[in-house]
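Colleague: Mind having a look at this structure? Questions to follow.
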Amino acid sequence: MLDRANLIAFYDKITCSVDVGRAVDIVYLDFSKAFDIFSHSLLLEKLMCYRLDKWSVWWVGNWLTGHTQRVVVNSSFSNWQPVTSGVPQGLILGPMLFNIFISDLDDGIKCTLMKFADDTKLSGEVDTLEGRATLQEDLDRLEEWDNKNHMKFNKDKLVLGKHNPGVQHRLGSTRLRSSSVERDLGVPMDNKLSMSEHCAAVAKKANRMLGCINKGITSRDKEVIIPLSSALVFIDIDKIRLGFLFSRLNSPALSAFPHIDLDDGIESTLIKFSDDTKLGGEVELSEGRAMLQRDLDRLEEWASKNCMRFNKDKCKVLHLG
1 MLDRANLIAF
11 YDKITCSVDV
21 GRAVDIVYLD
31 FSKAFDIFSH
41 SLLLEKLMCY
51 RLDKWSVWWV
61 GNWLTGHTQR
71 VVVNSSFSNW
81 QPVTSGVPQG
91 LILGPMLFNI
101 FISDLDDGIK
111 CTLMKFADDT
121 KLSGEVDTLE
131 GRATLQEDLD
141 RLEEWDNKNH
151 MKFNKDKLVL
161 GKHNPGVQHR
171 LGSTRLRSSS
181 VERDLGVPMD
191 NKLSMSEHCA
201 AVAKKANRML
211 GCINKGITSR
221 DKEVIIPLSS
231 ALVFIDIDKI
241 RLGFLFSRLN
251 SPALSAFPHI
261 DLDDGIESTL
271 IKFSDDTKLG
281 GEVELSEGRA
291 MLQRDLDRLE
301 EWASKNCMRF
311 NKDKCKVLHL
321 G
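Yeah, the sequence shown ends on 321 if you go by the UniProt record's numbering, and it's all consecutive.
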C-alpha cells in the first residue's frame, strides 16, 4: 500500500505541471548498498538531535554495536573487524532506522522529492532557466548530503523527461543519462507518463492465469471461482483498475469470470456467453414490462459499479408473438 501511495502522491504533482504544458524532468536515484553502509555513529547523533530519550538511543546503540565480521577467500581468513555501519537484513527495525537516517535528505530541497526506502525521486520544471537551475541546485544538495553522511548514490541512474527541451543534469561530476522508460517501485513509467506498458504486462499475466483456471476448473459456481480468482489473479492486478483490465481484453477465458455476478437479482431470463448477454421477459402485462425494465436498470447499475460499459448502439429488442 505504501508504494502505491508514494506513486500516486508523486505523479499527482507531476501531472498537474504536465497538464498545463510545462516541461518536467524526473531524476531517479538510489543508494548503493544502502542498508550496509550507513554509519552507526551518525545514526545515533541524529537520534539525539531528534530528541529521542537517551535510554532509547542507548538501546539502539547497544543493539547495533558489538558485532564483528571477517572475510574468507580460498580458505584464508582475515582478522575480525568491528561492524560500524549498516543493519542486519530482514528485520523491521532495519528499514525504520534507515528511514530515520535519511529523514533530513530533503532539507533545503525546493523541487519535488519523494523517498521510499533506498529509492529517491526528484522532479522539477525545466522549461525555464530558473527551473533548470533549481533542479541542478537540488541535485548538488543531494550530492553534498551524500558526502556528508558517507553514503553513495548509484550514479548510473537516469532522467525521464516530459516535454524535455534537451537539458542535461549532473550529480557531482557525473552527467546523468536520459531514458524514455524507467521502473519506479516496480512500475514501468515512460516519458508520456503512461502506465500502458505496466497494464499490458499485468493484464497478460492475469489473462494467462484466468486461462488456466478456465481450462482446469470445471465448476462455474461463484463460491469456487471468486475465491480462486481472488487468490491467483486479483492479487497481481492491484495496481490497475480491474474494470480497465476487463474492458480492454477480448478473451473468452477472461470474460468468463468478471461478470459472474451479472445476473444477481435478475427476475427475467438472462443468458450470458462470453461478452454477449440476452435478457428475455413476458411483456403482455404491465407487471411483466415493469419487471423487464427493473432488470435493465439492474444491468445498467452493475455496469456502472463494475466500471464496464454496454455497447448501447448494438443493444436491440426482438419482439416475439
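Cβ atoms here follow ideal geometry from the backbone N, Cα and C, with glycine treated the same way.
Are the segment 111 to 119 and the segment 30 to 43 touching, with three or more C-beta to C-beta distances below 8 Å?
Modeller: The segment 111 to 119 vs the segment 30 to 43: in contact.
Colleague: Would you decide whether Ser123 is buried or exposed? Buried here means 16 or more other CB atoms lie within 10 Å of its CB.
Modeller: So Ser123 ends up on the buried side.
Colleague: What are the boundary residues of the beta strand (DSSP E) that Ser123 is part of?
Modeller: Asp119 to Glu125 is the extent of the beta strand (DSSP E) around Ser123.
Colleague: So who's on the other strand from Gln81, going by DSSP bridges?
Modeller: The partner list for Gln81 (beta bridge, DSSP) reads Gln69.
Colleague: Is it true that the segment 65 to 79 meets the segment 10 to 30, where meeting means three or more beta-carbon pairs spaced less than 8 Å apart?
Modeller: No: fewer than three Cβ pairs fall under 8 Å.
Colleague: Need the endpoints of the alpha helix (DSSP H) that Leu279 sits in, please.
Modeller: First-last for Leu279: Asp276 to Gly280, but that is the beta strand (DSSP E), not the alpha helix (DSSP H).
Colleague: Report the CB separation of Asp36 from Ser85 in whole angstroms; it is logged as a contact under 8 Å.
Modeller: Correct: roughly 7 Å between the Cβ atoms.
Colleague: For Thr68, collect the residues of the same chain with a Cβ closer than 6 Å to its Cβ; drop the 5 residues on either side in sequence, then sort them by chain order.
Modeller: Only Trp80 and Pro82 meet the Cβ criterion.
Colleague: Could you check how far apart the C-beta atoms of Val126 and Leu139 are, in whole angstroms? I think they sit under 8 Å.
Modeller: Val126 to Leu139, Cβ: 12 Å. No contact.
Colleague: Does the structure place the segment 36 to 48 close enough to the segment 96 to 113 that three or more beta carbon pairs sit under 8 Å?
Modeller: Counting Cβ pairs under 8 Å, three or more are found: they touch.
Colleague: By the 10 Å Cβ neighbour count, where 16 or more other Cβ atoms means buried, how is His129 classified, buried or exposed?
Modeller: For clarity, residue 129 is Leu in the given sequence; the question names His instead. When all chains shown are included, Leu129 counts as exposed.
Colleague: Note the first and the last residue of the continuous alpha helix (DSSP H) segment covering Glu130.
Modeller: Residues Leu129 to Lys148.
Colleague: Would you identify the three-state DSSP class for Val202, choosing helix, strand or coil?
Modeller: It is helical.
Colleague: By Cβ distance, which residues of its chain are closer than 7 Å to Ser268, with the 5 residues on each side in sequence left out?
Modeller: Hits under 7 Å: Leu279, Gly280, Gly281, Met291, Leu292 and Asp295.
Colleague: Let me check one thing: in DSSP terms, what residues is Glu267 bridge-paired to?
Modeller: In DSSP, Glu267 forms no bridge with anything.
Colleague: Taking only the alpha-carbon atoms, compute the straight-line gap between Gln89 and Ser229 and give it to the nearest angstrom.
Modeller: Answer to the nearest angstrom: the Cα atoms are 34 Å apart.
Colleague: With a 10 Å radius around its C-beta and 16 neighbouring C-beta atoms as the bar for buried, classify His319 as buried or exposed.
Modeller: By the neighbour-count rule (16 or more Cβ atoms within 10 Å), His319 is not buried but exposed.
Colleague: Assuming Leu187 is part of the alpha helix (DSSP H), what are its boundary residues?
Modeller: The residue you asked about is not Leu; residue 187 is Val in the sequence shown. Premise fails: Val187 lies in the beta strand (DSSP E), Val187 to Asp190, not in any alpha helix (DSSP H).
Colleague: What separation, rounded to the nearest whole angstrom, lies between the Cα atoms of Glu301 and Ile271?
Modeller: Answer to the nearest angstrom: the Cα atoms are 18 Å apart.
Colleague: Assuming Leu43 and Leu97 make a contact with CB atoms under 8 Å, what is their CB distance in whole Å?
Modeller: About 6 Å separates the two Cβ atoms, so the contact holds.
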